[in-house]
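Participant: Under the UniProt record's numbering, the residue at position 245 of the sequence shown is numbered 245, and the numbers go up by one with no gaps. Every residue gets a Cβ at the ideal spot worked out from N, C-alpha and C, and that includes glycine. Please see the structure below; I have some questions.
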Amino acid sequence: MSTPARPDGPRRRRFGARTLRARVTVVASLGITAAVMLGVALLYLLQRESLRANIDGQLQTYATQIAQAGADGTWPVPLPPSTLDTHAEAQVLAADGRVLAASRGLTGADAVYRLPAGSSQPVRQKAADAVLPTDIRVVAVPTTVHAAPVTIVAATSTGLLSMLDTEAASRLLLGIPVTLALAAVAVWLIVGRALAPVERIRRAVTEITSADLTLRVPQPDTDDEVGRLAHTMNDMLGRLDDAARRQRRFVSDASHELRSPLAVIRTTLEVGLAHPDTAPWPTIAARAADQTARLDDLLHQLLALAKADERQLVTHRQPVDIGKLLDGIHTTVAPHRVEIAVHTTPGLVTRGDPSQLQRLFRNVIDNATRYAAHRVEIACDRTDGHIRVHVDDDGLGIPVADRDRVFDRFVRLDSSRDRASSSTGLGLAIAREITRAHGGTIAVTDAPGGGARVVVVLPSAEPAESVL
């Protein structure tokens, strides 16, 4: 039974398909909307309270004018009208609530407001009364005239307040859409301007293919996130370009190296087949076997480099005694024409893959015996928690400019070609990958007695009971 699709799925996909510019504009507009509405509400409340305070002040002024008009104990009939901006009516109430005097609009009417018993302070509030047709805003001021307590009540209809509130709210509400529209347009333009370099970067990236990694994305002159992004992408493209060139060179060199022994085998066999009765078949078979061995060695080296590229060169680690390893290697290397002297120190243990470490030092020693004049010296010691292995030869040495390059793949120096060496140019490259996989370093310097010194540095481990 299939699971029904969730109803919000299409909406999510549609929202997710929008541009970042649109999403930022929507989110920013929502935030601005909330802020504007909060500001409008606060402004409306402040303006509303200001209007009420203004009207209450005018009513109190009117009440004071009434008190001054009856200061001699005689109240004008009717009471004088308000001369202020706010239309107001007034009453003078005795202590028992009787109306002593009233303005024209309240003549003959009962008291519109009674001051709470015991109150001696002016009172401002909204009151509902049947005397007037609407709710009123009153200010009741208790006072004493000729030793008689009276209350002067000034009142006005709240209709004016409601009208002013509605007018203020209308003006504020009308400003909200305009403000939001302007804000949305501003955010859209600002975000578009900010993302323009990103769009230029995107367009440039679409034009970059694996066939041509020399192109670069436009880099703005600003030191912001976009500028750093462009700089990082250009650095990445540079590394990819270098890696692609190395890969193409590697494939080309590997093809050439593989083609050479195959060509020798084919030519040898074709010559033998052309004269099957007189061909020296033992010699032909020996030569073919020699080239096959060379081909097998090259394939193993290429496989080792492929594993190094995939971080699978070292599959397991265990304690390895470097001194014992070196003693075993120099006695098993291919027959050589130079003397090999080994000076080891017992107890130099590292953790690593024994077979790969053996390949590492075999490649370094083979390289030294190939280019030495008479002697190769191997020594090891411990320094600052690391094991250092020196392999010195008394050959021509390696120029300073080539000391890093000799660890590249398929690199042969002039001296190698002069000796007609059968080296593939992969031995030191594999040695460097194995060293790196074990957390170490490898470098070339000058040997003290002349020639080249290869220095391998590996992390030291505590001696264990069982080491290889």
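(1) Which of helix, strand or coil does DSSP assign to V185?
(2) Is residue 549 buried or exposed, if buried means 16 or more other CB atoms sit within 10 Å of its CB?
(3) When you compare the CB positions of H231 and Q219, do they come within less than 8 Å of one another, or not?
(4) Give the secondary structure of D321 by DSSP, where H, G and I count as helix, E and B as strand, and everything else as coil.
(5) Apart from the five residues just before and just after V205, which ones in its own chain have a Cβ nearer than 8 Å to its Cβ?
(6) Rounding to the nearest angstrom, what Cα-Cα distance links A184 and T222 in this structure?
(7) If I follow the unbroken beta strand (DSSP E) through A379, where does it start and stop?
(8) For G352, name the three-state secondary structure that DSSP assigns.
(9) Between the Cα of E339 and the Cα atoms of H330, G347, D297, P346, which residue gives the shortest distance?
(10) If you count every other CB in all the chains shown that lies within 10 Å of the CB of N54, and 16 or more means buried, which is it?
(11) Grouping DSSP H, G and I as helix and E and B as strand, with all else coil, what is residue 474?
(12) Nearest to A379 by alpha carbon, out of G385, A368, D392?
(13) So, is L240 buried or exposed, given that buried needs 16 or more other C-beta atoms within 10 angstroms?
(14) Thinking A63 and V139 are a contact (beta carbons under 8 Å), I'd like their distance in whole angstroms, please.
(15) Rounding to the nearest angstrom, what Cα-Cα distance links F361 and R337 in this structure?
(16) From the DSSP output, read off the bridge partner residues of A461.
(17) Under 8 Å by Cβ, that's how I've got L269 and I284 pegged, so tell me the actual separation to the nearest angstrom.
(18) Residue range of the alpha helix (DSSP H) that L215 falls in?
(19) Write down the C-beta distance between L59 and R114 rounded to the nearest angstrom, noting that I regard them as a contact closer than 8 Å.
(20) Along the chain, where does the alpha helix (DSSP H) that runs through T143 open and close?
(21) If we require 4 or more residues per run, which alpha helix (DSSP H) segments fall completely within the stretch 249-274?
(22) According to DSSP, which residues form a beta bridge with A155?
(23) Taking the beta carbon of R453 as the centre, do at least 16 other beta carbons fall within 10 Å, making it buried, or is it exposed?
Facilitator: According to the structure data:
(1) Taking the sequence shown and counting its residues from 1, the one referred to as residue 185 is at position 185. In the structure shown, V185 sits in a helix (DSSP, three-state: H, G or I).
(2) Absent from the structure is residue 549, since the part of the chain shown begins at 1 and ends at 468.
(3) As a working note, residue 231 is residue 231 in the sequence shown. As a working note, residue 219 is residue 219 in the sequence shown. Yes, the Cβ-Cβ distance between H231 and Q219 is below 8 Å.
(4) Residue mapping note: residue 321 aligns to position 321 of the sequence shown, counting from 1. If DSSP states are grouped into helix, strand and coil, D321 belongs with the strands.
(5) Numbered from its first residue, the sequence shown carries residue 205 at position 205. Around V205: V217, M233.
(6) Translated into positions along the sequence shown, residue 184 becomes position 184. Translated into positions along the sequence shown, residue 222 becomes position 222. Going from the Cα of A184 to the Cα of T222 covers about 26 Å.
(7) What you label residue 379 is simply residue 379 of the sequence shown in a count that begins at 1. Per DSSP, A379 belongs to the beta strand (DSSP E) from 375-383.
(8) On the sequence shown, position 352 is the one that residue 352 refers to. Note: G352 maps to strand in three-state DSSP.
(9) Counting from one through the sequence shown, the residue named residue 339 turns up at place 339. Minimum Cα distance to E339 is reached at H330.
(10) As a position in the sequence shown, residue 54 is number 54, starting the count at 1. By the 10 Å Cβ count, N54 comes out exposed.
(11) Here the chain has residues from 1 to 468 only, and residue 474 is not among them.
(12) Here residue 379 corresponds to residue number 379 of the sequence shown, with the count starting at 1. Minimum Cα distance to A379 is reached at D392.
(13) The residue given as residue 240 occupies position 240 in the sequence shown. Classification for L240: exposed.
(14) The residue labelled residue 63 in the question sits at position 63 within the sequence shown. The residue labelled residue 139 in the question sits at position 139 within the sequence shown. Sure, about 6 Å apart at Cβ, within 8 Å.
(15) Counting from 1 along the sequence shown, the entry for residue 361 is found at position 361. Counting from 1 along the sequence shown, the entry for residue 337 is found at position 337. One alpha carbon belongs to F361, the other to R337, and they sit about 19 Å apart.
(16) Counting from one through the sequence shown, the residue named residue 461 turns up at place 461. In DSSP, A461 forms a bridge with V349.
(17) For the purposes of this step, residue 269 is identified with residue 269 of the sequence shown, where counting begins at 1. For the purposes of this step, residue 284 is identified with residue 284 of the sequence shown, where counting begins at 1. Yes, they are in contact, since the Cβ atoms of L269 and I284 sit about 7 Å apart, within 8 Å.
(18) Numbered from 1 along the sequence shown, position 215 holds the residue referred to as residue 215. Looking at the DSSP string, L215 is not in any alpha helix (DSSP H), and its letter there is neither H nor E.
(19) Translated into the one-based positions of the sequence shown, residue 59 becomes position 59. Translated into the one-based positions of the sequence shown, residue 114 becomes position 114. Incorrect: roughly 17 Å between the Cβ atoms, too far for contact.
(20) Stepping through the sequence shown from its first residue, residue 143 is reached at position 143. Here T143 belongs to no alpha helix (DSSP H); instead the beta strand (DSSP E) covers 136-145.
(21) none
(22) Looking up residue 155 in the sequence shown gives position 155. DSSP lists E89, V138 as partners of A155.
(23) The residue given as residue 453 occupies position 453 in the sequence shown. By the 10 Å Cβ count, R453 comes out buried.
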